[in-house]
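Residue numbers (the numbering used here), protein chains in the order written: chain Y, 78 to 181; chain D, 78 to 181.
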């Protein structure tokens with residue numbers, strides 16, 4: 078049984094481009110990822126394979142970013158502030174309801 | 078329609094630890110990821126959202142690594158050489174047959 082090793086496996090694109098093209102790190106995505114990781118830990122959701130918050134390289138949705146993808150569902154989000162991250166956590170990762178307004 | 082944006086979204090853990098604990102980068106996982114990415118490109122599978130080969134931070138399966146996870150299936154692998162990577166590509170990513178001997 079390796080399917081769903083993590084109930085929710087969340088990848089934050091933290092890629093930094095240096096060539097002037099848009100990239101997720103232009104939006105401080107690493108800091109948002111750290112915020113999410115700490116919040117998940119504080120909520121007790123980092124245990125027992127419930128939620129894993131991961132760094133990822135370029136997810137190649139740069140123009141729509143900063144991008145997050147939640148697997149195994151394969152639901153993609155963009156976000157602009159901590160409130161957006163909080164809503165993805167409280168709605169999707171805790172209550173299983175994807176946040177329609179943030180989907181890309 | 079954002080589900081399955083990529084038919085196969087493959088994450089290679091490329092985390093480097095400096096504290097003596099095992100980590101995937103001890104096994105040159107970044108180089109294996111580059112090998113896989115180039116091979117997928119050469120096979121024409123990088124186009125049209127067929128296969129995406131991504132860098133990831135620590136996937137937290139360090140002791141069983143170097144670790145790969147293929148989403149949306151959520152199938153995990155470990156590997157030791159290029160032949161293993163070739164087999165994951167030819168069997169799983171091209172023919173849809175997970176490689177049982179490499180699963181973790």
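Ideal placement from N, C-alpha and C gives every residue a C-beta, glycine not left out.
C-alpha gap between residue i and residue j, whole angstroms
i, j, result
"residue 129 of chain D", "residue 120 of chain Y", "32 Å"
"residue 100 of chain Y", "residue 134 of chain Y", "10 Å"
"residue 179 of chain Y", "residue 169 of chain Y", "11 Å"
"residue 164 of chain D", "residue 118 of chain D", "16 Å"
"residue 91 of chain D", "residue 138 of chain D", "12 Å"
"residue 131 of chain D", "residue 105 of chain Y", "20 Å"
"residue 153 of chain D", "residue 110 of chain D", "15 Å"
"residue 151 of chain Y", "residue 88 of chain D", "13 Å"
"residue 161 of chain D", "residue 136 of chain D", "19 Å"
"residue 174 of chain D", "residue 159 of chain D", "18 Å"
"residue 85 of chain Y", "residue 146 of chain D", "13 Å"
"residue 93 of chain D", "residue 102 of chain D", "5 Å"
"residue 122 of chain D", "residue 157 of chain D", "23 Å"
"residue 148 of chain Y", "residue 149 of chain D", "6 Å"
"residue 95 of chain D", "residue 95 of chain Y", "27 Å"
"residue 142 of chain Y", "residue 112 of chain Y", "17 Å"
"residue 108 of chain Y", "residue 107 of chain D", "23 Å"
"residue 155 of chain D", "residue 181 of chain D", "6 Å"
Counted within 10 angstroms of its Cβ, other Cβ atoms place residue i as buried (16 or more) or exposed
i, result
"residue 114 of chain Y", "buried"
"residue 172 of chain Y", "exposed"
"residue 177 of chain Y", "exposed"
"residue 144 of chain Y", "buried"
"residue 124 of chain Y", "exposed"
Among the options, the one whose alpha carbon lies nearest that of residue i
i, options, result
"residue 82 of chain D", "D:126, D:94 and D:96", "D:126"
"residue 140 of chain Y", "Y:85, Y:166 and Y:97", "Y:97"
"residue 167 of chain D", "D:149, D:116, D:155 and D:142", "D:116"
is_contact[residue i, chain D] using C-beta, thresh 7 Å
i, result
"residue 133 of chain Y", "yes"
"residue 107 of chain Y", "no"
"residue 149 of chain Y", "yes"
is_contact[residue i, chain Y] using C-beta, thresh 7 Å
i, result
"residue 81 of chain D", "yes"
"residue 95 of chain D", "no"
**Q.** Contained alpha helix (DSSP H) runs [length at least 4] in the segment 121-181 of chain Y, N- to C-terminal order
**A.** 159-164
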